[in-house]
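Residue numbers (the working numbering), protein chains in the order written: chain A, 5 to 320; chain B, 5 to 320.
The beta carbon of each residue, even a glycine, is placed where N, CA and C say it ideally should be.
These numbers come from a predicted model, not from an experiment.
Heads up: the structure comes next, in structure tokens.
Protein chains: 2
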Amino acid sequence: MITISEVGPRDGVQSLDFLVDLDIKKRWVAAEAAAGVREIEVGSFVNYKRLPQMQDTAALVDFALGIPGLCVAVLVPNLRGAQTAVAAGVHKLSVPVSASETHSRNNVNRTHDQMIEEVRAIRALVDDQPEGARPSIEVGVATAFGCTMEGHVPERTVVALAERLMEAGASEVGLSDTTGYADPGMIRSRVTAVQRAVGAGNITGVHLHNTRGLGLANALAALECGLTTLDASLGGLGGCPFAPGASGNIVTEDLVFMLEAMGHATDIDLPALIEVRKALAADLPGSPLYGFVADAGLPLDFAPPSEAASLAGTQA
Amino acid sequence: MITISEVGPRDGVQSLDFLVDLDIKKRWVAAEAAAGVREIEVGSFVNYKRLPQMQDTAALVDFALGIPGLCVAVLVPNLRGAQTAVAAGVHKLSVPVSASETHSRNNVNRTHDQMIEEVRAIRALVDDQPEGARPSIEVGVATAFGCTMEGHVPERTVVALAERLMEAGASEVGLSDTTGYADPGMIRSRVTAVQRAVGAGNITGVHLHNTRGLGLANALAALECGLTTLDASLGGLGGCPFAPGASGNIVTEDLVFMLEAMGHATDIDLPALIEVRKALAADLPGSPLYGFVADAGLPLDFAPPSEAASLAGTQA
Numbered sequence: 005m006i007t008i009s010e011v012g013p014r015d016g017v018q019s020l021d022f023l024v025d026l027d028i029k030k031r032w033v034a035a036e037a038a039a040g041v042r043e044i045e046v047g048s049f050v051n052y053k054r055l056p057q058m059q060d061t062a063a064l065v066d067f068a069l070g071i072p073g074l075c076v077a078v079l080v081p082n083l084r085g086a087q088t089a090v091a092a093g094v095h096k097l098s099v100p101v102s103a104s105e106t107h108s109r110n111n112v113n114r115t116h117d118q119m120i121e122e123v124r125a126i127r128a129l130v131d132d133q134p135e136g137a138r139p140s141i142e143v144g145v146a147t148a149f150g151c152t153m154e155g156h157v158p159e160r161t162v163v164a165l166a167e168r169l170m171e172a173g174a175s176e177v178g179l180s181d182t183t184g185y186a187d188p189g190m191i192r193s194r195v196t197a198v199q200r201a202v203g204a205g206n207i208t209g210v211h212l213h214n215t216r217g218l219g220l221a222n223a224l225a226a227l228e229c230g231l232t233t234l235d236a237s238l239g240g241l242g243g244c245p246f247a248p249g250a251s252g253n254i255v256t257e258d259l260v261f262m263l264e265a266m267g268h269a270t271d272i273d274l275p276a277l278i279e280v281r282k283a284l285a286a287d288l289p290g291s292p293l294y295g296f297v298a299d300a301g302l303p304l305d306f307a308p309p310s311e312a313a314s315l316a317g318t319q320a
Numbered sequence: 005m006i007t008i009s010e011v012g013p014r015d016g017v018q019s020l021d022f023l024v025d026l027d028i029k030k031r032w033v034a035a036e037a038a039a040g041v042r043e044i045e046v047g048s049f050v051n052y053k054r055l056p057q058m059q060d061t062a063a064l065v066d067f068a069l070g071i072p073g074l075c076v077a078v079l080v081p082n083l084r085g086a087q088t089a090v091a092a093g094v095h096k097l098s099v100p101v102s103a104s105e106t107h108s109r110n111n112v113n114r115t116h117d118q119m120i121e122e123v124r125a126i127r128a129l130v131d132d133q134p135e136g137a138r139p140s141i142e143v144g145v146a147t148a149f150g151c152t153m154e155g156h157v158p159e160r161t162v163v164a165l166a167e168r169l170m171e172a173g174a175s176e177v178g179l180s181d182t183t184g185y186a187d188p189g190m191i192r193s194r195v196t197a198v199q200r201a202v203g204a205g206n207i208t209g210v211h212l213h214n215t216r217g218l219g220l221a222n223a224l225a226a227l228e229c230g231l232t233t234l235d236a237s238l239g240g241l242g243g244c245p246f247a248p249g250a251s252g253n254i255v256t257e258d259l260v261f262m263l264e265a266m267g268h269a270t271d272i273d274l275p276a277l278i279e280v281r282k283a284l285a286a287d288l289p290g291s292p293l294y295g296f297v298a299d300a301g302l303p304l305d306f307a308p309p310s311e312a313a314s315l316a317g318t319q320a
């Protein structure tokens, strides 16, 4: 079972140059959840002057929390954002900490040391909450495969940062290819190195972009390392507005097709997901959507793993 | 060292709805060869009433044979095409034999048994030539991962066909994802099965399409099986006009980026290749080109394996 974490309502829309209506976001989140997506990063609690696209995050969180069985995640760059998120009752905090100091300063205006302290403060905040109201803290190591401003980011920097983040109180760490610099060899090497350093149970996911077309090949390499959570964005919407040239998350529907074709269950109804994409395309006219499966259609005789297993008379 | 076999001048242009000038094809072939591409499938000797796009193949072969160090391949569907190709002096014959009988009849109007006999006759023809004038016979098992008309194609059908083709005189067999149905798991399973059946030395390549976005992930799986030749098309031009919905080869420049980033030398100058793509785009206005690296650019500090090795003080 592989978990797809849909990041489109956060990472996808933040790169659009027009504000997306809250109603559109609600329809999108509800429809993806109905198609079987079990985790959605719905927005971020940030400075809305810098990212006005995110100003309706509280309302969207409130809506998403009403959807049974959905894990509601939000991005928070600091303690202040985490306070808002915890008060809103989210299930998961996604905290970006950039391996590149230059990107860290551009993205969240903080150094590594400051971000480590921020994570420590967020941990204290969470631990102060009553049981049942403590979101998990997933720290994404951004620019973990290279930076458009600094270029090469050494593997040892990523590993050392992951160790410090776990020590500071992260529930788990993930690696983010913010800039689309990763290749499958680098994924294997860095994921394995971090697994060794912090324990395989403390790194379950990656956040990949498709900037140079390698997104699904990189996802395959991550799967082979044993990772079980993959971020993706419906129609490949997305990118980081503060890392020039970094556009396009991996495409949720193409990723789901790859996984299900390989026999990895996702619990997502792929035809239904393709319908959600169509509705989103209609809701966001003029926004480029990426991906191939929606246009090409599913192969003849295509059966998701659950059906294939039940056809074969084995347990799903 | 991985060999990229550029199939754009054959597989790419045959799906266009206008005739590409011979001069454009010559510029394209010469420029790709100059960028370091060592094998190009320049056309096919077929019924030109059915595929008028290929009617200048003899002239293009003649031109390409003048490029030092370039392996000149052509597709031939039968003995008659092979006779023309041998007379023209090509280095490699690419013979498509479809694992799906339905596709075989649509594509080359012949059954499996008839195609096996065709390969046997082509072998006899080649063996009749003087030494030094005998092209290799590479048989591509088309629809090896599924068929848009038949659906599922059993693995045992593909393996049995590969064995019969080797017995009939193929120099080697390859597997072609004509329809874009392959996934990385299927690539591994079928390539490994064919390697076991005919010997790993007799299957070195795959021909992949990117119809459902899995092209580079599938290429990665093929690499992991030890394959060393990958077909690709500049800008992802291509598809099979007789298999509905089967569009888009994997993108040469994105594939080269993946390989070089992973440390697999290709001997191709990637910035030069991207310039060739730009020239091709200008030569074919209105034709959709695919791929990401050309737009995104190479990562900062990107070094091809030869340079990376020499920077590290090791042998390239």
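Under 8 Å between C-beta atoms of residue i and residue j
| i | j | result |
| --- | --- | --- |
| GLN57 (chain A) | LEU20 (chain A) | yes |
| ILE44 (chain B) | ALA89 (chain B) | no |
| VAL210 (chain B) | LEU234 (chain B) | yes |
| GLY217 (chain B) | GLY136 (chain A) | no |
| PRO188 (chain B) | ALA225 (chain B) | yes |
| LEU274 (chain B) | PHE261 (chain B) | yes |
| VAL41 (chain B) | GLU10 (chain B) | yes |
| HIS213 (chain B) | ILE6 (chain B) | no |
| ILE141 (chain B) | VAL130 (chain B) | yes |
| ALA39 (chain B) | LEU277 (chain B) | yes |
| ILE126 (chain A) | LEU83 (chain A) | yes |
| ILE71 (chain A) | ALA34 (chain A) | yes |
| PHE149 (chain A) | ARG200 (chain A) | no |
| ALA283 (chain A) | ARG14 (chain A) | no |
| ILE28 (chain A) | ASP258 (chain A) | no |
| HIS107 (chain B) | MET153 (chain B) | yes |
| GLU264 (chain B) | PRO309 (chain B) | yes |
| ARG206 (chain A) | GLY16 (chain A) | A small fix is needed here, since residue 206 (chain A) is Asn in this sequence, not Arg. No, they are not a contact pair. |
| GLY12 (chain A) | ALA300 (chain B) | no |
| THR115 (chain A) | GLU105 (chain A) | yes |
Where residue i falls: helix, strand or coil (DSSP)
| i | result |
| --- | --- |
| THR7 (chain B) | strand |
| SER193 (chain B) | helix |
| LEU23 (chain A) | coil |
| SER102 (chain A) | strand |
| GLY295 (chain B) | coil |
| VAL198 (chain A) | helix |
| PRO67 (chain B) | Per the sequence shown, residue 67 (chain B) should be read as Phe rather than Pro. Of the three classes helix, strand and coil, the one that applies to PHE67 (chain B) here is helix, per DSSP. |
| HIS268 (chain A) | coil |
| ASP287 (chain A) | helix |
| VAL260 (chain B) | helix |
| ASP187 (chain A) | coil |
| ARG168 (chain A) | helix |
| GLY205 (chain B) | helix |
| ARG109 (chain B) | helix |
| PRO54 (chain A) | In the sequence on display, residue 54 (chain A) carries Arg and not Pro. In the structure shown, ARG54 (chain A) sits in coil (DSSP, three-state: anything other than H, G, I, E or B). |
| GLY16 (chain A) | helix |
| PRO275 (chain B) | helix |
| PRO308 (chain B) | coil |
Per DSSP, cross-strand counterpart(s) of residue i
| i | result |
| --- | --- |
| VAL78 (chain A) | A:GLY47, A:LEU97 |
| ASP235 (chain B) | B:SER9, B:HIS211 |
| VAL255 (chain B) | B:SER237 |
| CYS151 (chain B) | B:GLY155 |
N-terminal and C-terminal residue of the alpha helix (DSSP H) that residue i is part of
| i | result |
| --- | --- |
| GLY178 (chain A) | Per DSSP, GLY178 (chain A) belongs to no alpha helix (DSSP H); it is in the beta strand (DSSP E), 176-180. |
| LEU129 (chain B) | 116-131 |
| PRO134 (chain B) | Unbroken run through PRO134 (chain B): none, as it is neither H nor E. |
| ALA89 (chain B) | 83-92 |
| GLY219 (chain B) | 219-228 |
Element boundaries [beta strand (DSSP E), containing residue i]
| i | result |
| --- | --- |
| ALA146 (chain A) | 140-146 |
Cβ pair count under 8 Å reaching 3, the segment 172-188 of chain B against the segment 133-153 of chain B:
yes
Should the segment 9-24 of chain A be regarded as contacting the segment 50-65 of chain A, the criterion being three or more beta carbon pairs within less than 8 Å?
yes
Three or more C-beta pairs closer than 8 Å, one from the segment 287-304 of chain A and one from the segment 65-72 of chain A: is that the case here?
no
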